[in-house]
Structure formats: C-alpha cells, structure tokens
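Those protein sequence lines, which keep their order, are chains B and V.
Take 1 as the starting number for the first sequence in the working numbering and just add one per residue.
Take 1001 as the starting number for the second sequence in the working numbering and just add one per residue.
Idealized CB from N, CA, C, for every residue including glycine.
Working notes, structure below.
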Amino acid sequence: MTFALFVEQIINGLQLGIILFLVAAGLTLIFGIMDLVNLAHGTLYMFGAFFAATMVSITGSIVWGMILAIPLMLLAGVLLEVTILRTLYTRNHLDQVLATFGLILFFNELFLIAWGPEGTGIALPPWLSGSTKLGMGIELPDYRIVILVSGLIVAAMLYFLVAKTKIGMLIRAGASNREMVGALGVNIKLLYTAVFGIGAVMAGFAGMIITPITQAEAGMGEGFLILAFVVIVIGGIGSIRGAFYAAIITGLIDTLGRSFIDVVLLLVVESVTAETAGPAISSMLIYILMAIVLALKPNGLFPPRGA
Amino acid sequence: MFKKLMLAGSAVAMMVAGTAHASDTVKVGIVLTLTTPAAIIGKQMKAGFEVAYDHLGGQIAGKKLELIFEDDTFKPNIGKQKTEKLVKRDKVDFLTGYIWSHVLGASAPVGFKAGKIVISSNAGHSIFAGKKCNKNFFNAAWENMQTPMAMGQLLNKKNVKSIYVLAPNYAAGKQMITGVEKTFKGKIVGKELTPMSHKDWSAELSKIKAAKPDGVFVFYPGAWGPAFFTQYKQAGLSGKIPLYNVFSIDGANLPRFQKAKMDHLVGMINTGHWSPDLDNAANKRFVADFRKKYRNEYPAHYAAQAYDSLMMIAAAVEQSGGDPKNVDAVRSAMEQAKFASVRGPFKFGKNHFPIQNFYSREVVKDKDGTWMLNKRETVLKNHAPAMSSECKL
C-alpha cells in the first residue's frame, strides 16, 4: 500500500460521499419535514440520469444537456408531489411505503418500456475523459474531479439556501416542529411542494453526474436508496448537516473498507480466508456503523435542533 | 364470498382441464431474464430460441411445438418459482433457458424432482459437471471454468507474467476466477470479488493502478461490462494495462459499445467456444436469420446456445420415436447429440457437458463497419470440464 493509493482512495470515498449526500439531503428533508417515507426517492435519481442522457443526446453537449435537465427535474418533482404524494401526508407510514413502492415499480417498468433493458448512457467528451496527475504519483480521472467539485458546489448552495434565506428558515423550522410552523400561518402546502422540488432536483442531479460513469438503467436508484437511508439514519432524520457528515463518513468507510480490508485481514488470517471474508465484511461495514450509531445515539449523530 | 371462491375454484379446474389433454404438442419451458438490465442477454436468447422455432417450422416429429417463456427477474428464488409453475401448471416436457448459475442452482432440482430433462442454455455451474451431475441434466453451453481456463492458457502464450482479476461476487464469478487460476502460470497480484449491485469501481481501479500488473482479467457479463469498460478508460488504464475478459464483450453488448464510441475495445481479445464467423453451414444459416430477426445485430454465444438447445431437443425427440413423454428414450437419444450444432461437430461427455474447442476471438469491424467477434486461434482442443471424473453417471 502506497501513500498515493491511500490518498486516491480517500478522494474516491469523498466522491461517493458527495453523491450520497445529494440523494440523502432530499430524503432527510422530505422525511423530516413532511413526515413522508418516500421510497420512490431513488426513482428521482433515475429520472435525473435518463433526463440528462436524453437532453445530452438532443443538444449534443454534456454541459447543456445537464443544465436543461435540472428544470425538468424540478417540474417532475413538483408534478409528482402535487398529483400523488400530497395525498399521502396524512396517511400512516405503512400506506406511504406501499404507495411509494408502487411508484418505484411503475416507473421502473415505464423506463424499461421506453428505453429498453440496455438503458442508455452519456459518453464523455474528450476533454473530460482523461485523467490528471496531481503529483506524488496521485492520478485522478478528470470526470471524478468534476463530480467532487460540482457536488460540493451544490452542497454549498443548499447550505446557503437553508441557512441564509427565508424559505430556508421555514424549512429549518419545519424540520424542528412541523405543527408549530403550520399553526403560525405559514403556507405549508407551498412549503412542502418547494421542499419536494428541491429534493427532487438534488437527487436528479446526483443521477445525472453519475451516469457518465455507471450508465443509466431502469431500477438504478434502488440500491442507492438503501445507502441513502443508512446515511439519514446515521446523520439524524431531518438534519441536512447530519446528512452531509454521515454521507461523507459512509462514503469513506465503504471505499476504504473495499480497498484495504483484505490487507488488514491478511495480518490475522491466511489468504484464502481473507479473500472470501474480505468482500463480505467490507459490504457489512456501513451497516455495522449504523447499528452502533442507533445503539448509542438513536436520534443520529446530528439530529435537527429542537427535535 | 363463498360464491366467489367457488367461481375461482372452477376457473382453476377449467384451466387444468384445458392443459391435460395436450399430448399432441411438445412443450418447452424456457426460463430467462427478460426484465432488469440483464435482459440484454435474455432478449438475445429469446430471439435465438425463436430462430430455432422458425427453422423447425414450429413442429417436432409432426407434433406442435410450444415455447413458454418465463422471466426470472435475475433472482434465484423467482427462477425457482417460475420453474415450479412451468412443471406444475404448464406441464412442460423440457426445461431450458437459465442464464445465471445461481438461478440454475436453485431451479434445476425442481425439474429433477419432477423427472423432467433440464437443459442449461447458458449457466455452467461447475457443481453439475462433477459431483452433482444428474442423468436428466444436459448443458448446451460450457462449464464455468473452461472459458477462463482457455484465457489463462492464452495469457501464458502471450507471455503475460502477472494479472489482476475481477468478477462479481456470485457462483459464476468465483468459478471464472478459479478457472483462470487453474491454467495461468504467472502471478495473480490482486483479486476482487465485487458486490452484485456494484457499478462504481473507483476503489478497485486505484488498486489496480498501484499494483501495476501486466494485464487485467475480468468477468463482467451483461450490464456490468459497459460501466466497467467506461471507467477503465476514464481511469487512464486503457492503452497502459491490457484488459482481457471472458463473457464481457459479445454480440449482445457490442452494438451498445459501438454506439457509445468506445473505440478502445476494438482489437480486444477474449476466449469462447463459438464465434459468429465459425465456418459451418448451420452457423451461417443461424447467423443470417438471427440478424434478420433481431435488429440486424450479430448473435452472441447466448443466442447460439439457445438455438442449439432447442435443436438438441428436437433431434432427441425425433430420433427416439417422437414421444417427448418417454424420458428414458429421449435421454439416450440426447446423449448421442446427433444434430447440426452451430459450433460444428458436437459431442457430450459422460456428465452431459459438451466436449468442445475453445477459441480466442478478437473484436473487429465487419465489411459494413459493424463491430463483431472473429475467431483467431484454437486455444483448447476437445476440452472437457476439469471435474468430469467426479461424475458417477
């Protein structure tokens, strides 16, 4: 194991963490503020991937394609909230789980019919498909750097929105005490629609920027949704700050686990055991972390204030 | 409520009655993955079966041939359920299809218990070639370790000294790695069994870069391949470390690679028991008719095996007197494997796995510029699965 490899893996972990944050931020807001268990949040991630891929193939430009896909995501999120999810707020969690699970099945099948099982993808233009040497033997794919930087920018924008604006104040208030915000005469319907729209755009953005790496396919959001739920449980439901730290921690643990667990295991057991146990243990690590957090701090590491 | 139940009951009774007297048909139940991204493979195979159906004129030994397709959704438990449905409700005479080793592992025993002949059209779970071989199990493809063994042999010939190996963490993935380990004489400097849901190889690619092997060996079939090959290039590894694969580049995903302009894949080498340019009459007819039927794309080995599976069934039923219910006679005829296989001469071993050649194949452009695989050299001749001697048939 070299220093360069270690640094690269840290950066890989940060990149996974950023993507996780983009999905988890919306999930935690929607759960924390609207008390809605939205299993279909991974579907929004898939929306982003397919919208962007389609827009990129129409415009022929990866930048324009992704920029145009953002208002589409907002539109899709708002439409979904107004037509379907709005009716679920007053229902219990089981109803919400059933309804949003139904949405997953519906949209996965719809996308399979529309795009076929092979899905679609975004080809990177030459100026993005190389890699950059950062010195000391560290070399990173250019596009991974783009993901990291653009993810951080979106995270900063969300921070500004939530911490410095009036709507952000309402969102924070909603996360701390939903009933009180409604009682004070805030237009709660509009607030909910706005929050859902923001969540949809962020999840969609995550789906967009990951597509040039993993390709877009129906059902791509579900595996990721599980990770996002782990993140919001660790971070504290309703807390954006918590989602951020938890996403970074989860990303790092997952990546470093995958990278180095076999090396660590080799110190204590023989190679055959390490080879078989390594993949199993590394995929368990984040769930172990979640179990520990739940045992010690049931409200998560950074619960929203006043909750 | 009671009335409703009665109605439902009589409806079920009618359905059962409707299927019971169908002895003038040959029913073939086919389990494939027809949804989820893995359906890239399933759809190829379905088209392969349909080409065989057309070539048979929809008949076997004067009886009507009926194909019943089921979707395993890429899950062993669903595959097993669908197999049970085919056996119990549809009362099929043969079970075939089966893309994935773990789905086959869960489903085949259902067929054995019902006394049906099960023909795997793709999954080559090692266990059925050795200790758990079964008189009613036939494999129309290969045993998992054979293709990577051919690759290991090829790497020795190319004087590759060290490789890094990667595969998804399931039955076939592990067996593919064991296969290459069996024949490769150099050093294996790293081994990754990645989770089935894995689509981001950032951590693994960084490790490969640090390990500096002479080559990288992967088994990433279906939807894994495009994502892995894209990231391999993005990480700056293509052109630096040669990439060797089994079952990751074929007619099913080459059109997609070509559409995505992944030019670094042209010239890439893999190994296999079949190639669309194999020079025999059955293969030429199959490839031409497949392309007419299926978006003008080249068939992958998946479709070729599907075609062989149905042709094998047809020949066995015809040569055994035309009664698909006479399982003993059909089995004996099938062991002779007297049919025109798209891979040329075809022979079963004692364990009902093919004894066949393995070739190296290269991605080339055909005369229209379409990417396809072309046969290069014969790496293993008349090769039988390594565990054949463990089979007590």
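Taking C-alpha positions only, Gly1042 (chain V) is separated from Ala1252 (chain V) by approximately 10 angstroms. Only residues of its own chain outside the window of five on either side were considered, and among them Ala53, Thr211, Pro212, Gln215 and Ala216 have a CB closer than 8 angstroms to the CB of Gly121 (chain B), listed in chain order. Per DSSP, reduced to three states, the secondary structure at Leu158 (chain B) is helical.
For the segment 189-213 of chain B, the beta-carbon criterion of a distance under 8 angstroms to any beta-carbon of chain V is satisfied by Ile210, Pro212 and Ile213. For the segment 1221-1235 of chain V, residues whose beta-carbon sits nearer than 8 angstroms to a beta-carbon of chain B comprise Ala1223, Pro1226, Ala1227, Thr1230, Gln1231, Lys1233, Gln1234 and Ala1235. If you look at Gly1097 (chain V), you'll find it in the beta strand (DSSP E) that goes Phe1094 to Gly1097.
With respect to the C-alpha of Leu161 (chain B), the residue from B:Leu36, B:Pro125 and B:Met202 having the closest C-alpha is B:Met202. The residue from B:Glu109, B:Thr100, B:Val293 and B:Leu94 with its alpha-carbon nearest to that of Ile84 (chain B) is B:Thr100. The CB of Ser131 (chain B) comes closer than 8 angstroms to the CB of Gln1234, Ala1235 and Gly1236 in chain V, given here in chain order. At the C-beta level, Ile226 (chain B) and Gly300 (chain B) stay beyond 8 angstroms of one another. Taking 3 residues as the minimum length, the beta strand (DSSP E) runs contained wholly in the segment 1169-1256 of chain V are 1187-1194, 1215-1218 and 1243-1245, in order along the chain. Ranked by how close their Cα comes to the Cα of Ile67 (chain B), the residues B:Ile18, B:Ile209, B:Met220 and B:Thr165 have B:Ile209 in first place. Here Pro1037 (chain V) carries a coil assignment [DSSP, helix/strand/coil]. Per DSSP, reduced to three states, the secondary structure at Ser1120 (chain V) is strand. For Ser1197 (chain V), the C-beta contacts it makes with chain B under 7 angstroms involve Gly223, in order along the chain. Across the set B:Thr255, B:Ile70 and B:Gly278, the C-alpha of B:Gly278 shows the shortest separation from the C-alpha of Val263 (chain B).
Taken in chain order, the members of the segment 1153-1184 of chain V whose beta-carbon sits within less than 8 angstroms of a beta-carbon on chain B are Asn1169. Looking at the backbone, the Cα of Ile1269 (chain V) and that of Phe1358 (chain V) are separated by about 13 angstroms. In this structure, V:Val1087 is the residue among V:Val1087, V:Asn1144 and V:Leu1034 with its C-alpha nearest to the C-alpha of Pro1109 (chain V). In its chain, beyond the 5 residues on either side, Gly32, Ile33, Gly238 and Pro304 have a beta carbon closer than 6 angstroms to the beta carbon of Ala175 (chain B). Beta-bridge pairing by DSSP links Tyr1359 (chain V) to V:Gly1272 and V:Thr1378. One thing to note: Ser1107 (chain V) has its Cβ no nearer than 8 angstroms to the Cβ of Asn1144 (chain V).
The alpha-carbon separation between Ile1060 (chain V) and Phe1094 (chain V) amounts to approximately 13 angstroms.
Following the DSSP letters along the chain, one finds Ile11 (chain B) inside the alpha helix (DSSP H) bounded by residues Phe3 to Met34.
Secondary structure at Met1372 (chain V): strand, using DSSP grouped into helix, strand and coil. Counting the other Cβ atoms within 10 Å of the Cβ of Arg1256 (chain V) gives 16 or more, which makes it buried.
Ranked by how close their Cα comes to the Cα of Thr1378 (chain V), the residues V:Lys1063, V:Gly1097, V:Trp1274 and V:Tyr1164 have V:Trp1274 in first place. Looking at the DSSP output, Ala216 (chain B) shares a beta bridge with B:Thr120. Membership of Asn108 (chain B) in the alpha helix (DSSP H) is indicated by the continuous run His93 to Trp115.
The beta carbons of Glu270 (chain B) and Lys1191 (chain V) sit no closer together than 8 angstroms.
A contact is defined here as three or more CB-CB pairs under 8 angstroms, and the segment 164-183 of chain B fails this definition with respect to the segment 40-58 of chain B.
For Thr165 (chain B), the number of other beta carbons within 10 angstroms of its own is below 16, and it is reported as exposed.
Under the Cβ criterion of 8 angstroms, Pro1385 (chain V) is not counted among the residues facing chain B.
In this model, Phe1217 (chain V) and Gly236 (chain B) are separated by some 42 angstroms (Cα to Cα).
Our two residues, Gly42 (chain B) and His1198 (chain V), have alpha carbons roughly 16 angstroms apart in a direct line. By the C-beta density criterion, Thr28 (chain B) is buried, having at least 16 other C-beta atoms within 10 angstroms.
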